[in-house]
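Each remark here refers to the structure printed beneath this line.
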Amino acid sequence: MSPSTSLGRLKLVVAVLIAIAIVVGAGLVVGQAPELFGAEVAQEPEASLTFDSQESDGQSVVVSSVSLSEGGFVVVTDESGTVVGVSEHLSEGSHDNVSVEATAEADGSLYGSLTATAHIDSSDDGEFDPRDEDGESDRPYVVDGYPVSETASVTAVERPDDVERSFVVTSLSGPSEGRTSEPVEFVAEIRNPTANELRQHAEFRVDGDLYERKVFSLAADETREVTYEVGLADIGNGSHTYGVYTERNGTLDEIDVEYDGPAHVTVENVSTSELVVEAGVPEGGYVAVEDDNGTRLATSDRLSPGVHADVELDVGNVTPGSNLTAIVYRDDPAAGAEPAPYELGDNPVRATVQVPEAETD
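Per full-length UniProt numbering, numbering of the sequence shown is gapless, rising by one per residue and ending at 361.
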């Protein structure tokens, strides 16, 4: 190789090295330009949080730890992305055991798969803003392109058996049979099984309907007799289920009620073609309908002893303004013999009503 060729290659290598040095040097100067000119380097906001699976009463959840470089909030969302909880405003720095309360819309329902996300207070107003007046929001902290968040499973707090926090009915006594003309008494023993004094109610119900509610206090482990006096005429004849119920407990029994009067009849509805009545027949019987002339227009089927509502009688086609009279009989008035009506004093049990004008559209 000639001396001139070697010298040329050497110059080329030196030129390349000089160019590389210039580029590297320029990069260093550019990278340090803010510091060289007295300016601070802008840092991206940083955050971290830990959200563990836990039990909850549905009102709040706890974020174990959260660190926010610029302060802000912890926002909890459900599986659909709906905001269900927001923490108080947190200052910059680290925080432990941050309580996140449920929003008004989600009150009592902070359960399931929930996600806690760290948010910056972008508007710097101390309030979490999903969307402010300018359409901006308190955006999440982002690290490596992803929001700083964790998902946890939140389940309901296991509670003692509800019965242990309620009065209990230890016994219930009353007659197995009764008549509608006589009130009867039912006696329940109510106990407070807890270690604290409680004030609660105990209800007397027949066939599910409330007849009487009593509210009282019991000391820890105290038992009291509670008496209910019930008029069986309000219940009606037949077999009925009754019971005494506390908040989380109750006892049931049955009573057979015999209707023993008085006989009665009440008009429930009337038209030119039909009369509907309620009838009470202590020994069974019939209801017949007569017009102004005493002509019998209709007779019911035999009614068993007791009170019967919605007894329908087809009266044909009567004139508006005329009167219809319903009479309660012991015997079938259509049987041929002189029927014997039920009487109140010396008068037959009856109800008279005027037929109204037919309604027109």
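Glycine residues also receive a C-beta, built at the ideal position from the N, C-alpha and C atoms. Since the model is a prediction, treat every value here as computed from it, not as a measurement.
Nearest-angstrom beta carbon gap, residue j and residue i [assumed within contact, 8 Å]
{"i": "V230", "j": "V184", "result": "6 Å"}
{"i": "V267", "j": "V328", "result": "About 12 Å; that fails the 8 Å criterion."}
{"i": "V289", "j": "A298", "result": "5 Å"}
{"i": "L275", "j": "L313", "result": "5 Å"}
{"i": "S99", "j": "V62", "result": "6 Å"}
Residue range of the unbroken beta strand (DSSP E) whose run includes residue i
{"i": "N237", "result": "Element bounds for N237: n/a, residue is neither H nor E."}
{"i": "T325", "result": "323 to 329"}
{"i": "Y141", "result": "Where Y141 is concerned, there is no enclosing beta strand (DSSP E), given that its DSSP letter is neither H nor E."}
{"i": "R302", "result": "Taken as a continuous stretch (DSSP letters only), R302 belongs to no beta strand (DSSP E), as it is neither H nor E."}
{"i": "A358", "result": "Looking at the DSSP string, A358 is not in any beta strand (DSSP E), and its letter there is neither H nor E."}
{"i": "S122", "result": "Counting along the chain, S122 falls outside any beta strand (DSSP E), and DSSP gives it neither H nor E."}
{"i": "E92", "result": "Looking at the DSSP string, E92 is not in any beta strand (DSSP E), and its letter there is neither H nor E."}
{"i": "V206", "result": "198 to 206"}
Residue i to residue j span [Cα, whole Å]
{"i": "G31", "j": "Q43", "result": "Note that G31 scores a pLDDT of 42, beneath 50, so its modelled location is shaky and nothing firm can be said."}
{"i": "T180", "j": "V83", "result": "59 Å"}
{"i": "A102", "j": "S109", "result": "8 Å"}
{"i": "D291", "j": "F167", "result": "59 Å"}
{"i": "R224", "j": "E212", "result": "17 Å"}
{"i": "S273", "j": "H201", "result": "50 Å"}
{"i": "residue 363", "j": "G81", "result": "Since the first residue shown for the chain is 1 and the last is 361, residue 363 is missing from the structure and cannot be characterised."}
{"i": "D346", "j": "P262", "result": "14 Å"}
{"i": "E70", "j": "D57", "result": "31 Å"}
{"i": "V355", "j": "N192", "result": "59 Å"}
{"i": "P348", "j": "T325", "result": "11 Å"}
{"i": "D129", "j": "D138", "result": "6 Å"}
Three-state secondary structure assigned by DSSP to residue i
{"i": "S165", "result": "Checking the sequence, you will find Arg at residue 165 rather than Ser. Looking at R165 - three-state DSSP - the assignment turns out to be helix."}
{"i": "L49", "result": "strand"}
{"i": "A233", "result": "helix"}
{"i": "S67", "result": "strand"}
{"i": "P282", "result": "coil"}
{"i": "V223", "result": "According to the sequence provided, residue 223 is Thr. The question's Val does not apply to it. Strand at T223."}
{"i": "N317", "result": "coil"}
{"i": "R191", "result": "strand"}
{"i": "A340", "result": "coil"}
{"i": "E55", "result": "strand"}
{"i": "T272", "result": "coil"}
{"i": "E105", "result": "coil"}
{"i": "A335", "result": "coil"}
{"i": "P262", "result": "coil"}
{"i": "F73", "result": "strand"}
{"i": "L110", "result": "coil"}
{"i": "N97", "result": "strand"}
{"i": "G178", "result": "strand"}
{"i": "S80", "result": "coil"}
C-beta atoms of residue i and residue j nearer than 8 Å
{"i": "S113", "j": "E79", "result": "yes"}
{"i": "V187", "j": "T227", "result": "yes"}
{"i": "E55", "j": "T155", "result": "yes"}
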